[in-house]
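To convert, count from 1 in the sequence shown and add 605; that's the working numbering. This report refers to the structure that appears directly beneath it.
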Amino acid sequence: MGPAQRIVHPIEQESYRILRSRLDTSGLPPLRRAVVERVVHASADLGYAGDLVMDEAQLAAAYAALHAGAPVVADVEMVAAGITGRRVVCRLKDAAAGPDGLTRSAHAVRLAYEDAGPGAVWVVGCAPTALEELIALDAAPALVIGLPVGFVGAAESKAHLRASGLPAISNVSEKGGSAVAAAALNALLYTPYRTTEETDQ
Numbered sequence: 606m607g608p609a610q611r612i613v614h615p616i617e618q619e620s621y622r623i624l625r626s627r628l629d630t631s632g633l634p635p636l637r638r639a640v641v642e643r644v645v646h647a648s649a650d651l652g653y654a655g656d657l658v659m660d661e662a663q664l665a666a667a668y669a670a671l672h673a674g675a676p677v678v679a680d681v682e683m684v685a686a687g688i689t690g691r692r693v694v695c696r697l698k699d700a701a702a703g704p705d706g707l708t709r710s711a712h713a714v715r716l717a718y719e720d721a722g723p724g725a726v727w728v729v730g731c732a733p734t735a736l737e738e739l740i741a742l743d744a745a746p747a748l749v750i751g752l753p754v755g756f757v758g759a760a761e762s763k764a765h766l767r768a769s770g771l772p773a774i775s776n777v778s779e780k781g782g783s784a785v786a787a788a789a790l791n792a793l794l795y796t797p798y799r800t801t802e803e804t805d806q
């Protein structure tokens, strides 16, 4: 399963031209570059170039898992709606606040894990409590895109994600959100990239 095929609109092409005229990403490895550029494109915020935290080897492993059919899970429907070309699991509408003191978002993570199991790619763009629950679940993800937004708990949950040792894309600041989280996942869906295994064949 290769990168999703899509037609790039001239407006998007022009957006990337302007982005690259203002931000030099040429020194980044290919998957980090793809993620940085798509997040900046989605947000018009050049500051993400210095705010995002990710590891190229982890991205390569996640890319391989994603293109081999790993499930994709989103914390909220807004994130799911921004991920194009792939079915996404989101259980927020089935969740309820209360069990074990969980928020709805955290309960939705538990429900989604029942569907997706280990090895999924998780995309959290809204709720810090969803990210904290995912870290606590021992869900063995292929990748966690942890980019929740807000003044309460967002930066702290992303710091916990980085400290957890899970393969991840995160950022240091309080900013984030559904659009940038979906953009990070879409970068991995759309970017042509040859894994080490493919190169060796």
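Glycine is no exception: its CB is placed at the ideal position from the N, C-alpha and C atoms. Quick caveat, the model's predicted, so the values are computed rather than measured.
Which of helix, strand or coil DSSP assigns to residue i
i: glycine 687; result: helix
i: leucine 657; result: strand
i: alanine 773; result: strand
i: leucine 748; result: strand
i: valine 694; result: strand
Proximity below 7 Å, CB of residue i to CB of residue j
i: valine 754; j: glycine 781; result: yes
i: serine 769; j: alanine 735; result: no
i: alanine 784; j: alanine 667; result: no
i: valine 613; j: threonine 630; result: no
i: valine 694; j: aspartate 660; result: no
Inter-residue Cα distance where the pair is residue i and residue j
i: threonine 796; j: alanine 639; result: 7 Å
i: threonine 708; j: aspartate 680; result: 12 Å
i: proline 615; j: alanine 792; result: 18 Å
i: alanine 654; j: arginine 637; result: 10 Å
i: leucine 628; j: valine 644; result: 13 Å
i: alanine 670; j: glycine 687; result: 20 Å
i: glutamate 803; j: glycine 706; result: Only weak support exists for where glutamate 803 lies, its pLDDT of 49 falling under 50; the coordinates are left without a value.
Exposure label - residue i; buried when at least 16 CB within 10 Å
i: glycine 652; result: exposed
i: valine 777; result: exposed
i: proline 761; result: The identity of residue 761 in the sequence shown is glutamate, whereas the question assumes proline. Looking at its Cβ environment, which holds fewer than 16 other Cβ atoms inside 10 Å, glutamate 761 is exposed.
i: proline 634; result: exposed
Contact test: residue i Cβ vs the ligand PLP heavy atom, cutoff 6 Å
i: leucine 771; result: With respect to small molecules bound, the structure shown includes none, and the ligand PLP cannot be examined in it.
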